[in-house]
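Visitor:
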Amino acid sequence: MTWIKEFSKSAASLFKGQVLEGFQPLDFYHFYPLWYDVWMSNIAKVIKKLNLATKNFNEIREILPPPSNMRAILIKTITAYYANPVVNKQNYELVSNFFARLLTESCPDDPFALTSNPLHDNSEIAYLVKQIEWSKADTQSARIIGQCITAIGSFVHGIYNDLVTDFGWDAYGPYALPSNQTLLIRSFPNLQPRELWPEIYLSSINNITIYSAYEGVDWAISFVGCHTISKGRSPVQGMKKFAVYADGKLLDINQISMLTDELAVKAADIYKIIHKMDFEKLKLLVLKQECYQLKKVFDKAGINWLPTGEMAARIENKPLLKNVFPHGKLIKTTAEFENIFGINTFQKEVLGSN
Amino acid sequence: MKKVLLTGIGASPGNIVGVVRLFHSGDDPSSFKDGDILVTTITDPTMVTAMVKASAIVTDIGGITSHPAILSREMGIPCVVNTKTATKALKDGRRIRVDGKNGKIYDLD
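Protein chains in written order, with my numbering: chain A, 1478 to 1831; chain D, 25 to 133.
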């Protein structure tokens, strides 16, 4: 398959103007390679057991993580291989081709989110727009929506860290509406991961969807769905209407503010726990978060989703790798990104193409 | 013409004048005043309550896809990341202008 060059154009945008220290609470890129080959092997087993390579996106979408989450798995797969190349490349090939294919089927117009994350087709959007119970936006309500996204997004960063974020946060669009407006759909699924956190820290709502329509704001979604980029008018000035649904129920503006307060406090509480964790516990948490994103797929296969003993042994009392990826370096071009993060190596050694 | 104090990456557009408030992970957000400019190494989820009160955010590290950048854009407030030295160069109470489009911090005192 020749997907990797298209993929790297988009993935590079995640890293351009970014330094590794910006990802918290762990130096993930020097952590994943310690055990990712075992994870690849486990995913490959599930793909084979469920015969997923022959199934299209719509047949299995209910058990898959959001598209941005699959993109993030791909970048981790590529960088982990680069940092710790293994002899058995078949698992990396099978898994990466599997997720790349699902992305081309789920978002055919922009599979790797170069500028958009178009999960819905025109007929789905037309149907949705008719169903949404809109409220008219003004500056004050638009600011409340922005604050709500900030609170939910930060809560997601707490429960899933900076690299599994997209399991709890994806954004779809931008979709052009006939009214000359642009629709964005912010989706926050999986906000109650009971297998990762005690009940007291979880959101009272499992799924939150925020619909918002704008005029005069040019939106792009870059590589993963939480990376919404706007140009033109401020989103607060440009928002014309909105609707927020919590587990399918429409919220009014007061309920939205209450939800913001709840999740802002819980985001802080969770992150305070993370800050206090010793290094061994933190490594185990990140390992578990990574496995959790494919829980439904593993459940379907009847295979335990939890990290295996072999994965845990790979990290126990082990330091992170050092100096594979540069710290403090701002990546400026796609070519630089491809060299530093091993895109070219993966293309040649795993996918077998030039 | 006011002096450019710091240059970083403009991560969320807009111009705002305000007062610097240095903020660290785990600090008590109830002490953060509405409209202050949040200056930190990098934001994290312990700072959310302060972030939603901030008129702008300035950080030492990060890029356009970092936590402060993404959320500033959602709230429509200016944000400058990767200034490298904001937490050292700026002190509580200093009046500054944040230019989130061009990534510049101006001294107004």
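For every residue, glycine included, the Cβ atom is placed at its ideal position computed from N, Cα and C.
Going by the CB atoms, is the gap between Asp116/D and Val44/D shorter than 8 angstroms?
Guide: Against a cut-off of 8 angstroms, the Cβ pair of Asp116/D and Val44/D comes out as a contact.
Visitor: Using CA coordinates, which residue listed in Pro1595/A, Asp1615/A, Lys1532/A and Ile1481/A is at the minimum distance from Ala1577/A?
Guide: Comparing Cα positions, the closest option is Ile1481/A.
Visitor: Return helix, strand or coil for Leu30/D, following the three-state DSSP convention.
Guide: Correct three-state label for Leu30/D: strand.
Visitor: Using a Cβ distance threshold of 8 angstroms, determine whether the stretch 1558-1567 of chain A contacts the stretch 1586-1606 of chain A, with at least three qualifying pairs required.
Guide: No: fewer than three Cβ pairs fall under 8 angstroms.
Visitor: Using the Cβ count rule (16 or more neighbours within 10 Å means buried), how would you classify Tyr1604/A?
Guide: Under this definition Tyr1604/A is an exposed residue.
Visitor: Taking Leu1668/A as the reference, give the member of Gln1658/A, Leu1679/A and Thr1659/A with the closest Cα.
Guide: The residue with the shortest Cα to Cα distance from Leu1668/A is Leu1679/A.
Visitor: Figure out for me which residue from Thr1479/A, Glu1483/A, Phe1492/A and Lys1718/A has the closest Cα to the Cα of Glu1813/A.
Guide: Measuring from the Cα of Glu1813/A, the nearest candidate turns out to be Phe1492/A.
Visitor: Under a Cβ-count criterion, where at least 16 other Cβ atoms within 10 Å of its own Cβ denotes burial, should Asn1546/A be classed as buried or exposed?
Guide: The residue in question, Asn1546/A, is buried, as its Cβ has 16 or more Cβ neighbours within 10 Å.
Visitor: Can you round the beta-carbon distance between Phe1823/A and Val1523/A to whole angstroms, since I take them to be within the 8 angstroms contact cut?
Guide: Contact doesn't hold; Cβ gap of about 21 angstroms is too wide.
Visitor: According to DSSP, Cys1703/A sits in a beta bridge with which residue or residues?
Guide: Paired residues: none, contrary to the question.
Visitor: Could you list the residues in the stretch 1756-1780 of chain A with a C-beta less than 8 angstroms from some C-beta on chain D, going in chain order?
Guide: Per Cβ criterion, the list is empty.
Visitor: Could you check the C-alpha separation between Ser1485/A and Arg121/D for me, to the nearest Å?
Guide: Distance between the alpha carbons of Ser1485/A and Arg121/D is about 37 angstroms.
Visitor: So for Asp1598/A, helix, strand or coil by DSSP?
Guide: In this structure, Asp1598/A counts as coil in the three-state DSSP scheme.
Visitor: Near Leu1727/A, what residues of its chain come up, given a Cβ to Cβ distance below 8 angstroms and the 5 sequence neighbours on each side ignored?
Guide: Correct list, in chain order: Glu1610, Ala1720 and Val1721.
Visitor: Strictly below 8 angstroms CB to CB, what residues from chain D border Arg1620/A?
Guide: Those within 8 angstroms of Arg1620/A in chain D are Met99 and Gly100.
Visitor: Say whether chain A places a C-beta atom closer than 8 angstroms to the C-beta of Asp68/D.
Guide: Yes, contact with chain A.
Visitor: Does any C-beta atom of chain D lie closer than 8 angstroms to the C-beta of Ala1489/A?
Guide: No, Ala1489/A lies away from the interface with chain D (no Cβ there is under 8 angstroms from its Cβ).
Visitor: Under 8 angstroms, CB to CB, which of the residues in the stretch 1637-1661 of chain A have a partner in chain D?
Guide: Residues Asp1639.
Visitor: Of all the residues that make up the stretch 1690-1704 of chain A, which are near chain D by a beta-carbon distance shorter than 9 angstroms?
Guide: Cβ contacts with chain D: Ser1699, Phe1700, Val1701, Cys1703 and His1704.
Visitor: Along the chain, where does the beta strand (DSSP E) that runs through Asn39/D open and close?
Guide: Asn39/D -> beta strand (DSSP E) spans Asn39 to Leu46.
Visitor: Kindly say whether Leu30/D, judged by its beta-carbon, lies nearer than 8 angstroms to any beta-carbon of chain A.
Guide: Cβ-Cβ to chain A under 8 angstroms: no for Leu30/D.
Visitor: Can you name the residues that DSSP bridges to Tyr1652/A?
Guide: Answer is Leu1660/A, bridged to Tyr1652/A.
Visitor: Check whether the stretch 1501-1514 of chain A touches the stretch 1549-1559 of chain A, counting contact only when three or more Cβ pairs, one atom from each stretch, lie closer than 8 angstroms.
Guide: The stretch 1501-1514 of chain A vs the stretch 1549-1559 of chain A: in contact.
Visitor: Less than 6 angstroms between C-beta atoms, sequence neighbours within five positions excluded: which residues of the same chain meet that for Lys77/D?
Guide: Taken in chain order, the residues that qualify are Phe56 and Asp58.
Visitor: I need the straight-line Cα distance from Gln1624/A to Phe1505/A, nearest angstrom please.
Guide: If you take the alpha carbons of Gln1624/A and Phe1505/A, they lie about 28 angstroms apart.
Visitor: So the candidates are Glu1692/A, Val1641/A, Ser1699/A and Gln1658/A; which of them puts its Cα closest to the Cα of Asp1587/A?
Guide: Considering only alpha carbons, the answer is Ser1699/A.
Visitor: Using a Cβ cut-off of 7 angstroms, pull out every chain A residue sitting near Ser90/D, in sequence order please.
Guide: In chain order: Gln1495 and Gly1499.
Visitor: Using a Cβ-Cβ cut-off of less than 8 angstroms, list which residues of the stretch 44-67 of chain D approach chain A; keep chain order.
Guide: For the stretch 44-67 of chain D, which is checked against every Cβ of chain A, the residues closer than 8 angstroms are Ser49, Gly50, Pro53 and Ile66.
Visitor: Would you please state the rounded distance, in angstroms, between the beta carbons of Thr4/D and Ile85/D? I believe it to be under 8 angstroms.
Guide: Examination of residue 4/D is not possible in this model, given that chain D is present from 25 through 133 alone.
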